[in-house]
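*Asks:*
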Amino acid sequence: MNCCLLLPLMLGIPLLWPCLKATENSQAKKVEQPVGSHLRMKRGWVWNQFFVPEEMNTTSHHIGRLRSDLDNGNNSFQYKLVGAGAGSTFVIDERTGDIYAIQKLDREERSLYTLRAQVIDITTGRAVEPESEFVIKVLDINDNEPKFLDEPYEASVPEMSPEGTLVMQVTASDADDSSSGNNARLLYSLLQGQPYFSVEPTTGVIRISSKMDRELQDEYWVIIQAKDMIGQPGALSGTTSVLIKLSDVNDNKPIFKESLYRLSVSESAPTGTSIGTIMAYDNDIGENAEMEYSIEEDDSQTFDIITNNETQEGIVILKKTVDFEHQNHYGIRAKVKNHHVDEQLMEYHTEASTTFIRIQVEDVDEPPLFHLPYYIFEVLEENPHGLFVGMVSATDPDNRKSPIRYSIARSKMFSIDDNGTITTANPLDREISAWYNLSITATEKYNIEQISSIPVYVQVLNINDHAPEFSQYYETYVCENAGSGEVIQTISAVDRDESIEEHHFYYNLSVEDTNNSSFTIIDNQGEPVFYISILIADNGTPSLTSTNTLTVHVCDCDDTGSTQTCQYQELMLSMGFKTEVIIAVLICIMIIFGFIFLTLGLKQRRKQILFPEKSEDFRENIFRYDDEGGGEEDTEAFDIAELRSGTIMRERKTRKSTSAEIRSLYRQSLQVGPDSAIFRKFILEKLEEANTDPCAPPFDSLQTYAFEGTGSLAGSLSSLESAVSDQDEGYDYLNELGPRFKRLACMFGSAVQSNN
0 MNCCLLLPLM LGIPLLWPCL KATENSQAKK VEQPVGSHLR MKRGWVWNQF
50 FVPEEMNTTS HHIGRLRSDL DNGNNSFQYK LVGAGAGSTF VIDERTGDIY
100 AIQKLDREER SLYTLRAQVI DITTGRAVEP ESEFVIKVLD INDNEPKFLD
150 EPYEASVPEM SPEGTLVMQV TASDADDSSS GNNARLLYSL LQGQPYFSVE
200 PTTGVIRISS KMDRELQDEY WVIIQAKDMI GQPGALSGTT SVLIKLSDVN
250 DNKPIFKESL YRLSVSESAP TGTSIGTIMA YDNDIGENAE MEYSIEEDDS
300 QTFDIITNNE TQEGIVILKK TVDFEHQNHY GIRAKVKNHH VDEQLMEYHT
350 EASTTFIRIQ VEDVDEPPLF HLPYYIFEVL EENPHGLFVG MVSATDPDNR
400 KSPIRYSIAR SKMFSIDDNG TITTANPLDR EISAWYNLSI TATEKYNIEQ
450 ISSIPVYVQV LNINDHAPEF SQYYETYVCE NAGSGEVIQT ISAVDRDESI
500 EEHHFYYNLS VEDTNNSSFT IIDNQGEPVF YISILIADNG TPSLTSTNTL
550 TVHVCDCDDT GSTQTCQYQE LMLSMGFKTE VIIAVLICIM IIFGFIFLTL
600 GLKQRRKQIL FPEKSEDFRE NIFRYDDEGG GEEDTEAFDI AELRSGTIMR
650 ERKTRKSTSA EIRSLYRQSL QVGPDSAIFR KFILEKLEEA NTDPCAPPFD
700 SLQTYAFEGT GSLAGSLSSL ESAVSDQDEG YDYLNELGPR FKRLACMFGS
750 AVQSNN
C-alpha cells in the first residue's frame with residue numbers, strides 16, 4: 000500500500016512530492032504475508048514536510064492532504080493527527096486526510112511543528128498503516144522592522160578631530176529569518192547629522208566627516224535609520240538617535256580682556272600684601288583653562304604675581320616695601336599662559352597674552368627713622384654727672400620733616416636732650432653694672448603718635464679703682480716650735496677691677512712689720528695670736544695697694560708637729576657659738592607662739608564676758624559679792640571694773656523678794672520719780688542707749704546715774720544678790736513687765752530652758 004502527500008501550490012513555487020509506490024519486491028513480500036495479517040511495511044513518511052506561510056489571515060487555511068494508497072475511496076479509512084499543535088493549531092479531515100491551520104501562525108514564535116499521522120480501518124478498528132511522523136515548517140515573511148536594542152546612544156569625541164575619526168557603532172536587530180531571503184538584511188543610513196558625521200551602510204559605524212569646534216557647538220544629535228531587505232521597495236525600517244558630545248582640547252590660549260589695570264598700595268604695607276587682582280579669560284574648560292600668571296617686565300623687582308587656582312585670577316603682591324618719598328608710582332607688565340599644553344597644540348599658544356599694570360604708592364605719615372639700627376657707646380666709670388656718652392639721630396621720612404624729640408625709657412643713670420645727646424645722670428660703677436641696655440624713643444613733634452624706638456648699648460669701661468684684697472678669710476695655725484723658713488700659709492688675692500692682662504699681685508709685709516721684727520701678740524685666754532700686716536699691690540695703672548691682716552694662732556703641737564689639737568679647740572668654740580645661736584632662735588620662736596596663744600585666750604575670754612548668753616550656764620556664775628548694796632536705791636553704782644575682775648567665789652545670799660512682790664513694786668514705782676524734767680530726760684536717754692546696745696552685758700551697775708529716784712519698787716534684777724535654792728525659779732513674769740525687760744526675759748528664759 001502506498002500513500003501520497005498532496006501539496007498545494009504556494010507562493011508560485013510548485014512543490015511536487017512523488018507518491019511512493021510499492022515495488023515488486025514489496026508486493027511479493029506483501030503476498031507472502033499470511034492471510035489476515037495487518038502487518039505492513041513501514042513507510043518513509045518521516046521525510047515528508049509541509050511548508051506553510053506565516054501571517055495567514057483566514058481562520059481555516061488548507062495546508063495539504065495526507066492519503067494512504069490503500070484508500071479506495073469507500074470511506075472505510077479514518078485519518079488521525081497527533082502531536083504538538085494537533086487539535087489547537089492544526090486539524091485533519093478524518094475522511095479525506097486534508098490538514099488545515101485553524102489559527103494564525105507566527106514564525107518568530109514557532110517555526111517548526113512535528114506531528115504524527117495514523118490511518119485506521121473503521122470496520123476493523125485496526126491501524127492500516129504504521130504511525131508516521133511528518134513536519135510542518137512555517138515559512139518567513141517580512142513582518143518585523145529593524146530595532147535598535149541598545150538605546151539610548153551617547154558618545155564623546157575630541158573637538159577638532161580629523162575626518163574619518165571613529166565615533167561609535169550602532170547595531171539594529173531584525174526578528175525575521177536571516178537565512179531566508181533578504182528579510183533580515185539591513186542597510187544603515189544617516190537621516191540627521193550631515194555634514195559633520197557619516198555612517199557606514201552595512202556596519203552602522205559612525206565617523207567624523209569634518210572638523211568641529213567645541214567653543215562653537217559642544218554637542219550634536221545624529222539620527223540613524225536601518226532598513227531591511229537591503230533597502231528594496233517594501234522594506235521595513237527603524238531609527239535611533241545618537242547624542243555626540245565634543246570633549247575639550249586646549250586649542251585656545253588665555254587672553255586679557257583689559258589692556259591696562261590701575262592698582263594702589265600704601266607705603267606702610269608689609270611685604271606679601273595683596274594689592275589687587277587681574278583676570279584673563281580662556282574659552283577652554285577644565286584643566287585646559289588652568290592659567291599661570293607671571294611678571295614679564297619689572298625692573299624694580301618690587302612686585303610679584305601668584306595664581307589663585309580656584310578662581311584662575313592673578314593676585315599682585317608686594318615683594319619689597321615701597322617708599323612714597325623715594326618712588327610714588329610703578330609700571331609693570333604681566334603675562335598669562337596655560338598650565339597644560341600638548342605638543343601637537345603648541346601652534347595655538349605661540350604668543351602669550353600680556354597686560355600693563357600701573358601701581359600708585361599712597362603716602363602715609365611714617366614714624367621717625369633712626370640712621371642706624373642700634374648704637375653702642377663706651378664710657379669710663381666713676382665719671383661725674385653730665386658726662387657725654389654718645390649721640391643718636393632720627394629724622395621724619397615724610398615730606399614735612401617734623402622735628403624730633405628723644406626720651407629714654409626707665410633709666411636713672413642716663414639722660415638725653417632734644418638733639419639726641421646722651422649724658423650720664425649719675426656716676427657709673429663698672430663693678431655694679433658693666434653694660435646698660437637703653438631704649439631710646441623718638442617722637443614727632445607735629446604728631447606725637449608717630450614714635451619709634453631703638454636699642455642703645457652702653458659699655459662702662461674699667462678704671463683701677465679697687466685695691467686687691469684677700470680672696471678669703473685666713474685662719475692660720477703654727478706650732479710653737481716651728482722652724483725658720485717653714486711655710487705656714489699660702490695666701491691669694493682678688494681684684495674687683497677688670498684687667499686687660501691677667502691679674503698679677505705683689506705681696507709684701509707692711510712698713511710697720513718691716514721696721515719692727517717682732518709681731519704684736521695678744522693674749523687670747525692663754526692662746527697666743529699674731530697679726531701680720533701684708534701689703535698687696537696689683538698691676539693696674541696706676542697700681543693700687545691694700546693692707547690685709549693675717550691672723551696666726553700659735554698652738555701647742557704634739558710630737559709629730561700636728562696642729563690638730565688647736566684646730567679642734569677652735570672648732571669646738573665655733574660649734575659652741577652656733578649652738579648658742581640656735582638655742583636663742585628657738586627661745587624667740589617659743590616666746591612668739593606663747594604671745595599668740597595668750598592673745599587668742601584673752602580675746603576668747605572677753606567674748607565670753609561680753610556675751611554670757613553663749614555660755615552653758617551664767618545664772619549664778621558671773622560674779623560674787625559679799626554685799627550688793629541697796630539695789631537701785633543706791634545713789635552710787637558699783638564700779639564695772641570691779642564686777643569684771645571679781646573671781647573669788649563668795650557666799651550666796653537669799654533673794655529678798657519673790658516675783659509677786661516685784662510685780663507689786665513695779666506698779667508702785669510708776670507713781671514715783673524725780674521731779675525735775677532734766678533728770679527724767681537724762682534717764683530716758685540712758686535707757687535708750689542701753690536698749691539699743693546689743694553688746695551691753697546684763698549688769699545692774701553698767702549705767703551710772705546721778706539720781707535714780709526714790710527707789711525701784713521692782714527691786715534689783717541682778718542675780719548677784721539671788722540666793723541659791725534647790726529649785727530654779729521661773730522668769731516668765733519678765734515678759735509681762737513691758738519692752739524694757741524683753742532682753743532680760745529672752746536671756747533668762749533661754750538659760751532656764753537650756754538648764755531644763
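Everything in the sequence shown is counted per numbering that gives the first Met the number 0, starting at 0 for the first residue and increasing by one.
We put the beta carbon where it would ideally sit given N, CA and C, even for glycine.
No experiment lies behind these values; they were computed from the predicted model shown.
Grab the span of the beta strand (DSSP E) containing Ile284 for me, first residue to last.
*Replies:* Per DSSP, Ile284 belongs to no beta strand (DSSP E) and is neither H nor E.
*Asks:* Quick one: give me the first and last residue of the beta strand (DSSP E) that Asn307 is part of.
*Replies:* Unbroken beta strand (DSSP E) run through Asn307: 302-307.
*Asks:* May I ask you to list the residues that DSSP assigns as paired with Ser293?
*Replies:* Ser293 pairs with Lys334.
*Asks:* Should Leu80 and Ile91 be called a contact, given that it needs their Cβ atoms to be closer than 7 Å?
*Replies:* In this structure, Ile91 lies closer than 7 Å to Leu80 by Cβ.
*Asks:* How should Ala393 be labelled, buried or exposed, when 16 other C-beta atoms within 10 angstroms of its C-beta is the threshold for buried?
*Replies:* Buried.
*Asks:* Under 7 Å between the Cβ atoms of Phe369 and Val388?
*Replies:* No.
*Asks:* Verify the contact flag: Gly419, CB atom, against every heavy atom of the ligand FMN, threshold strictly below 6 Å.
*Replies:* Of ligands this structure carries none, so the ligand FMN is not represented either.
*Asks:* Do you know how far the Cα of Cys587 is from the Cα of Leu736?
*Replies:* Going by the C-alpha atoms only, they are around 58 Å apart.
*Asks:* Please go through the segment 50-135 and give each complete beta strand (DSSP E) segment of 3 or more residues, from N-terminal end onward.
*Replies:* Correct list: 60-67, 76-82, 89-91, 97-100, 111-120.
*Asks:* So, Glu380 versus Leu437, is the Cβ gap smaller than 7 Å?
*Replies:* No.
*Asks:* Among Glu579, Leu114, Phe355, Pro157, which residue has its Cα nearest to the Cα of Ala85?
*Replies:* The candidate whose alpha carbon is nearest that of Ala85 is Leu114.
*Asks:* Whose C-alpha, out of Leu601, Ala333, Ile98, Asp70, is nearest the C-alpha of Ser59?
*Replies:* Among Leu601, Ala333, Ile98, Asp70, the Cα nearest to that of Ser59 is on Ile98.
*Asks:* Could you give the distance in angstroms between the alpha-carbon of Asn446 and the alpha-carbon of Asn308?
*Replies:* Spanning the two alpha carbons is a distance of roughly 44 Å.
*Asks:* Can you give me the C-alpha to C-alpha distance between Tyr280 and Ile222, rounded to a whole angstrom?
*Replies:* Their backbone Cα atoms lie some 36 Å apart in a straight line.
*Asks:* Residue range of the alpha helix (DSSP H) that Thr691 falls in?
*Replies:* Thr691 -> alpha helix (DSSP H) spans 676-691.
*Asks:* Looking at the structure shown, is Gly230 part of a helix, part of a strand, or coil, going by DSSP?
*Replies:* Three-state result, Gly230: helix.
*Asks:* Taking Asp537 as the reference, give the member of Ile531, Phe596, Tyr473, Phe469 with the closest Cα.
*Replies:* Per the Cα distances, Phe469.
*Asks:* Which runs of the beta strand (DSSP E) fall wholly inside the segment 158-208 and span at least 3 residues, in chain order?
*Replies:* Counting only runs of 3 or more, we get 165-168, 186-191, 196-198, 204-207.
*Asks:* Beta-carbon separation of Thr475 and Val551 under 7 Å?
*Replies:* Yes. Within cutoff.
*Asks:* State whether the segment 196-207 contacts the segment 165-182, with contact taken as three or more CB pairs (one from each stretch) at a distance under 8 Å.
*Replies:* Yes, the segment 196-207 is in contact with the segment 165-182.
*Asks:* Check for me: the beta strand (DSSP E) holding Tyr456 runs from which residue to which?
*Replies:* Looking at the DSSP string, the run of the beta strand (DSSP E) that includes Tyr456 is 450-460.
*Asks:* Secondary structure at His348, three-state DSSP: helix, strand or coil?
*Replies:* Helix.
*Asks:* By the three-class DSSP mapping on this structure, what secondary structure does Glu324 have?
*Replies:* Here Glu324 sits in coil by DSSP.
*Asks:* Could you tell me how far apart the beta carbons of Glu291 and Lys252 are, in whole angstroms, since I believe they sit closer than 8 Å?
*Replies:* About 12 Å; that fails the 8 Å criterion.
*Asks:* According to DSSP, is Arg782 helix, strand or coil?
*Replies:* Any property of residue 782 remains undetermined from this structure, which presents the chain solely from 0 to 755.
*Asks:* Which residue's Cα is closest to the Cα of Tyr456: Phe596, Met211, Ala433?
*Replies:* Nearest C-alpha to Tyr456: Ala433.
*Asks:* Around the Cβ of Ser584, are there at least 16 other Cβ atoms within 10 angstroms (buried) or fewer (exposed)?
*Replies:* Looking at the sequence provided, one finds Val at residue 584 rather than Ser. Exposed, since its Cβ has fewer than 16 Cβ neighbours within 10 Å.
*Asks:* Going by DSSP, name the residue or residues bridged to Lys756.
*Replies:* The question about residue 756 has no answer, for the chain in this structure spans 0 to 755.
*Asks:* Closer than 6 Å by C-beta to Lys210: which residues in its own chain qualify, once you throw out the five before and the five after it? Chain order, please.
*Replies:* Contacts found: Met159.
*Asks:* Around the C-beta of Ile535, are 16 or more other C-beta atoms found within 10 angstroms, so that it is buried, or is it exposed?
*Replies:* Label assigned to Ile535: buried.
*Asks:* Kindly confirm or deny that the segment 212-230 and the segment 182-196 touch, where touching means at least three C-beta pairs closer than 8 Å.
*Replies:* Yes, they touch.
*Asks:* Enumerate in chain order the residues of its own chain whose CB-to-CB distance from Ile277 is below 8 Å, with the five nearest sequence positions on each side excluded.
*Replies:* Closer than 8 Å at Cβ, skipping near neighbours: Phe255, Glu257, Tyr260, Tyr292, Ile304, Glu312, Gly313, Val315, Ala333, Thr354, Ile356.
*Asks:* Let me check one thing: in DSSP terms, what residues is Gly389 bridge-paired to?
*Replies:* Its beta-bridge partners are Ile421.
*Asks:* Just curious, the beta strand (DSSP E) that Ala441 is in, first and last residue?
*Replies:* Note, Ala441: beta strand (DSSP E), 434-443.
*Asks:* Whose C-beta lies closer than 7 Å to the C-beta of Asp364 among residues of the same chain, with five residues either side of it excluded?
*Replies:* Taken in chain order, the residues that qualify are Asp397, Asn446, Gln449.
*Asks:* Roughly how many whole angstroms lie between the Cα atoms of Glu132 and Glu144?
*Replies:* Looking at the two C-alpha atoms, the distance is approximately 35 Å.
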